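Taken in order, these protein sequences are the chains called A and B.
So the mapping is simple: the working numbering equals the position in the first sequence, first residue as 1, plus 1.
So the mapping is simple: the working numbering equals the position in the second sequence, first residue as 1, plus 157.
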Amino acid sequence: MSDKLKQLSKEVAKGRMSRRDFLGMAGTLGVALPFASSLLSQSVMAAGPKKGGNLVLGLVGGSATDSLDPALNASQVPFHFGYCWAETLVETSPIDGSVTPHLAESFEAEPGAKVWHFHLRKGVTFHNGKELVADDVVKTLQRHSGEETKSGALGIMRGIEKVEAAGQYEVVVTLKSGNADLPYLMSDYHLVIQPGGGFDKPDAGIGTGPYQVEVAEHGIRYMGKKYAGYWNDSVGHADTVEILVLNDQTARMSALQSGRVHMINRVDPKTAKLLARMPKINIENTSGRGHYPFLMHCDKAPFDNLDLRLAMKNAIDREALVKRVLHGYGSVGNDFPINKAYDLFPTDIKQRVYDPDRAAHHYKKSGHSGPVVLRVSDAAFSGAVDAAVLYQQQAAKAGIKIEVKREPSDGYWSNVWNVQPFSASYWSGRPTQDGMYTVGYKSDADWNDTKWFRPKFDKLLIQARVELDQGLRADLYREMGQMVHDDGGAIIPMFNDYIDGVSEQVQGYIKDPAAELSNGHSLIRCWLA
Amino acid sequence: MTVSLSNPLVMMVAKRTALGFLLLIAISVVIFAGTEMLPGDVAQSILGQSATPEALANLRAEMGLNEPAHTRYFNWFGGMLQGDLGTSLSSGSDISEMIASRLSNTLFLAGWSALVAVPLAIFLGMIAVHYRDGFIDKFISMTTLAAISLPEFFIGYLLIMFFAVTWNLFPSTSIIYEGMPFLDQMTAIALPCATLTLVVLAHMMRMTRAAILNVMSSPYVETAELKGLSPFKIIFHHAFPNAISPIITVVVLNMAYLVVGVVVVEIIFVYPGMGQLLVDHVTKRDVPVVQAAGLIFAAIYIFLNMFADIMAIIANPRLRHPK
Numbered sequence: 002m003s004d005k006l007k008q009l010s011k012e013v014a015k016g017r018m019s020r021r022d023f024l025g026m027a028g029t030l031g032v033a034l035p036f037a038s039s040l041l042s043q044s045v046m047a048a049g050p051k052k053g054g055n056l057v058l059g060l061v062g063g064s065a066t067d068s069l070d071p072a073l074n075a076s077q078v079p080f081h082f083g084y085c086w087a088e089t090l091v092e093t094s095p096i097d098g099s100v101t102p103h104l105a106e107s108f109e110a111e112p113g114a115k116v117w118h119f120h121l122r123k124g125v126t127f128h129n130g131k132e133l134v135a136d137d138v139v140k141t142l143q144r145h146s147g148e149e150t151k152s153g154a155l156g157i158m159r160g161i162e163k164v165e166a167a168g169q170y171e172v173v174v175t176l177k178s179g180n181a182d183l184p185y186l187m188s189d190y191h192l193v194i195q196p197g198g199g200f201d202k203p204d205a206g207i208g209t210g211p212y213q214v215e216v217a218e219h220g221i222r223y224m225g226k227k228y229a230g231y232w233n234d235s236v237g238h239a240d241t242v243e244i245l246v247l248n249d250q251t252a253r254m255s256a257l258q259s260g261r262v263h264m265i266n267r268v269d270p271k272t273a274k275l276l277a278r279m280p281k282i283n284i285e286n287t288s289g290r291g292h293y294p295f296l297m298h299c300d301k302a303p304f305d306n307l308d309l310r311l312a313m314k315n316a317i318d319r320e321a322l323v324k325r326v327l328h329g330y331g332s333v334g335n336d337f338p339i340n341k342a343y344d345l346f347p348t349d350i351k352q353r354v355y356d357p358d359r360a361a362h363h364y365k366k367s368g369h370s371g372p373v374v375l376r377v378s379d380a381a382f383s384g385a386v387d388a389a390v391l392y393q394q395q396a397a398k399a400g401i402k403i404e405v406k407r408e409p410s411d412g413y414w415s416n417v418w419n420v421q422p423f424s425a426s427y428w429s430g431r432p433t434q435d436g437m438y439t440v441g442y443k444s445d446a447d448w449n450d451t452k453w454f455r456p457k458f459d460k461l462l463i464q465a466r467v468e469l470d471q472g473l474r475a476d477l478y479r480e481m482g483q484m485v486h487d488d489g490g491a492i493i494p495m496f497n498d499y500i501d502g503v504s505e506q507v508q509g510y511i512k513d514p515a516a517e518l519s520n521g522h523s524l525i526r527c528w529l530a
Numbered sequence: 158m159t160v161s162l163s164n165p166l167v168m169m170v171a172k173r174t175a176l177g178f179l180l181l182i183a184i185s186v187v188i189f190a191g192t193e194m195l196p197g198d199v200a201q202s203i204l205g206q207s208a209t210p211e212a213l214a215n216l217r218a219e220m221g222l223n224e225p226a227h228t229r230y231f232n233w234f235g236g237m238l239q240g241d242l243g244t245s246l247s248s249g250s251d252i253s254e255m256i257a258s259r260l261s262n263t264l265f266l267a268g269w270s271a272l273v274a275v276p277l278a279i280f281l282g283m284i285a286v287h288y289r290d291g292f293i294d295k296f297i298s299m300t301t302l303a304a305i306s307l308p309e310f311f312i313g314y315l316l317i318m319f320f321a322v323t324w325n326l327f328p329s330t331s332i333i334y335e336g337m338p339f340l341d342q343m344t345a346i347a348l349p350c351a352t353l354t355l356v357v358l359a360h361m362m363r364m365t366r367a368a369i370l371n372v373m374s375s376p377y378v379e380t381a382e383l384k385g386l387s388p389f390k391i392i393f394h395h396a397f398p399n400a401i402s403p404i405i406t407v408v409v410l411n412m413a414y415l416v417v418g419v420v421v422v423e424i425i426f427v428y429p430g431m432g433q434l435l436v437d438h439v440t441k442r443d444v445p446v447v448q449a450a451g452l453i454f455a456a457i458y459i460f461l462n463m464f465a466d467i468m469a470i471i472a473n474p475r476l477r478h479p480k
């Protein structure tokens, strides 16, 4: 029986049988579903990728105002298309989140993690035929860090003092102060290497990636054709890749159902279960680092009072929010921005639970009276208004009155978030704990959006950054996580899953906690059966 | 007919044109003021949530957002008059080029929808007149009125559900591009075209029916009947030409709707027209593009209305041949 099943699983791998039929067959043969599933994925991987075809992605997050200039990449469509035509020095592994070599064959730090050497892979060419050399890397990094740059990567480039070439294939990066996580920063999607750094024409769309830019109609459609001189055989299986900009939720769903596209991003949690029931469509949900916080400003009344902050944190029913707002596609948060998707995640910080009595106790102690105004909009995250109203009901049981104020979606990020003392927000997370704390929790961070200023925390952060001993580093991160959990201004009830819709024709899909659709690599990692 | 200013028809056309132009200037002020009042900031929207203050300041200075509003208005409207629509703030590309392809897409969809809807509406109107108050008349009226009563997004989704998802006859996304074979383009726009046709059909059909019925009671129609002409010939040759002026008005109004009112349909079917362009740039606070698109919409609307007025008057012999 098992032989029969193995044979069938190979049929699926070759695309002669659908996954659903296979699992149904396995059921009638009396085989448990998890076993059948794992058998299937083994066969698919063993059969190896199938080359050819046109792989199509339907995405929300593109507009006529997008550009091919990687420095200006801010939304999903340029993010996904960027990985088709260009590449970064290093990448992060979908399996354990560690840094893996890419355009840089290897890299190492001098003691103190202040000076880093990147050794480039030889024989890699750009789409214009020019070979990739150290000068291209140096210039690219310089373009993202100049004073006048508009690059979204400026924040992470600020710690870099200088970048130099050492010969044709080595790049030396010198930091202002040590950072053991520098390689992670180099995997940022803005920092794709362009010939000559892209100084002469930033939006030329020429890179080293598996696909050459054929069509780039911003806000409408993108197309890439396989680059014949591409160096890496393990990605880029389809002959052509295409991205259709489908910002409308229903348009995206119907395009997937009718077979016009093979994969879509951001399936609405409300309809994900219905979509999963459709034949020929799978829902792939990946728990990532993104989370939906309610942010209190610790420097403004009434949130400068620790007891009030604790009251608010204890008055939220996290389980209920995950169930009702995320429809189960997510996990419970613990009031610090790190979850198990991060390396060195501290597992021993006690999970805060819904406790109206304790909330009432802290609330009384805080001496606060009158309603607390919470400003929300669905611009923060889909379902933010619902979440706030649920929170309002939950807090009412502890005697805390929350006034939910709906703000317009337009201008939410400039007028409400980081401005008003209590608001809903969204954080997409960062590749490392250091990255997350540096952009959002360090005293002098631009988006210290809880206005939480703790010199002790900053000291720990810098200490952990240069610590190359993983054990000691984990201890430091545990202490920092505990500090944010106990004292910080962020109420983090939930981490959301990325929910992708994938057609059965697609194989080789790998869940990657870094971002949706296999961290933007679905077009190059997957193939058509 | 000699053309001189004393001719009331020429006077009227000149007057209407001048008024239309004044109206356009007024609208330009309103558009400018409206876009000024939008909350948020273009630099912030371009760089997104992850913008640093330095990057924001650099971008704002580069875009000239620090100049006063009236200076920017005159610069902008002056440029418009010379045919220079300016450059997009967010992408830096030329707006005229950007709009040209989108506008031609919108006109393509509107044109084909009109080509289907107008003859169909007039034909159905005539049929309804012929079988007036009978079953066929009631059936046509009821179905077209039902279609117009449904919001267009609902019609669009219904069509997608049946024709794209269930039967897989037409694509649910109507993305068309340059170099696409004509037949593929037609398949691509089939569903949005059908949606628009259903939305505008009833209005034109009812007006045709009413206008023709109005002249059907005239003595000359009776004469034609007594001459023994076939009923369709009477409707088509005798009644219809005399009912043409209200029909033209309603047809042109609906055509204006097909051009400027299709934002929702374009979004549902992901059609790369002006509506989507406008929505994209509003969310990015790309004011020059929004203003240019708004002004173009306004100009088309004013022009078509003017055209309808003038045609209605020309169709009226009493105005055409003044004493």
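Just so it is clear, CB atoms sit at the ideal spot from N, CA and C, and this is done for glycine as well.
Predicted model, so just to flag it, every value in this text is computed and none were measured.
- Approximately 6 Å separates the beta-carbon atoms of P294 (chain A) and W428 (chain A); this is inside 8 Å, confirming the contact.
- Contiguous beta strand (DSSP E) elements confined to the segment 422–461 of chain A occur at 423–425, taking only those with 3 or more residues.
- Neighbours of I453 (chain B) in chain A, taken as residues at a C-beta separation under 7 Å, are lacking, since the least C-beta distance is about 15 Å.
- Put simply, the backbone Cα of D251 (chain B) is about 51 Å away from that of F296 (chain B).
- Against chain B, a Cβ distance below 7 Å from G156 (chain A) picks out T209.
- For L375 (chain A), the three-state secondary structure derived from DSSP is strand.
- With respect to the 8 Å criterion, H191 (chain A) and A72 (chain A) are classified as neighbours on the basis of their beta carbons.
- Around L245 (chain A), the beta-carbon contacts reaching into chain B at under 9 Å are T330, I332, V427.
- Here the alpha carbon of S76 (chain A) sits roughly 29 Å from the alpha carbon of A229 (chain A).
- The C-beta separation of V417 (chain A) from V405 (chain A) comes to about 13 Å, leaving the pair out of contact by the 8 Å criterion.
- Across the segment 216–236 of chain A, CB contacts with chain B closer than 9 Å involve V216, E218, H219, G220, I221, R222, in sequence order along the chain.
- Neighbours of E320 (chain A) in chain B, taken as residues whose beta carbon is under 8 Å from its own, are absent, since the nearest beta carbon is some 28 Å off.
- If you check each beta-carbon in the segment 442–469 of chain B against every beta-carbon of chain A, the ones closer than 7 Å belong to D443.
- At a cut-off of 8 Å between beta carbons, E149 (chain A) contacts chain B.
- P494 (chain A): member of the beta strand (DSSP E) spanning 491–504, first to last residue.
- For A110 (chain A), the pairing in a beta bridge is given by DSSP as A:W117.
- A direct Cα-Cα distance of roughly 19 Å separates I207 (chain A) from G153 (chain A).
- Short of 7 Å from the beta carbon of E480 (chain A), and not among the five residues preceding or following it, lie these beta carbons of its own chain, in chain order: L461.
- Within chain A, no C-beta atom comes nearer than 8 Å to that of V286 (chain B); the closest sits roughly 39 Å away.
- By the Cβ test, the segment 325–335 of chain A is in contact with the segment 263–277 of chain A, since at least three Cβ pairs between them sit closer than 8 Å.
- The beta carbon of A368 (chain B) lies closer than 7 Å to those of A400, P403, I404 in the same chain, with the five residues before and after it left out.
- Per DSSP, K406 (chain A) lies in no alpha helix (DSSP H); the unbroken beta strand (DSSP E) holding it starts and ends at 403–407.
- Less than 8 Å divides the Cβ of G220 (chain A) from the Cβ of D67 (chain A).
- For V421 (chain B), not one C-beta of chain A is nearer than 8 Å to its own C-beta.
- Remark: fewer than three beta-carbon pairs, one from each stretch, lie closer than 8 Å, so the segment 432–440 of chain A and the segment 395–404 of chain A are not flagged as touching.
- Residue burial is scored here from C-beta neighbours: M495 (chain A) has at least 16 other C-beta atoms within 10 angstroms and is therefore classed as buried.
- Put simply, of A:M437, A:L69, A:N233, A:D136 the residue whose alpha carbon is nearest the alpha carbon of A342 (chain A) is A:M437.
- Taking V374 (chain A) as reference, the option from A:Q483, A:P79, A:E408 with the minimal CA-CA separation is A:E408.
- Counted as a single uninterrupted DSSP element, the alpha helix (DSSP H) harbouring Q393 (chain A) occupies residues 385–397.
- The beta carbon of S64 (chain A) lies closer than 6 Å to those of G220 in the same chain, with the five residues before and after it left out.
- Not flagged as an interface residue toward chain B: D435 (chain A), since no C-beta distance is shorter than 8 Å.
- Contact annotation: I333 (chain B) and N262 (chain B) have beta-carbon atoms nearer than 8 Å.
- When Cβ-Cβ separations below 8 Å define contact, T451 (chain A) makes no contact with chain B.
- Taking a cut-off of 8 Å on C-beta distances, the segment 308–322 of chain B touches the segment 340–354 of chain B, as three or more cross pairs fall below it.
- In the three-state scheme derived from DSSP, where H, G and I count as helix and E and B as strand, S94 (chain A) is classed as coil.
- In this chain, the beta strand (DSSP E) harbouring E162 (chain A) covers 161–166.
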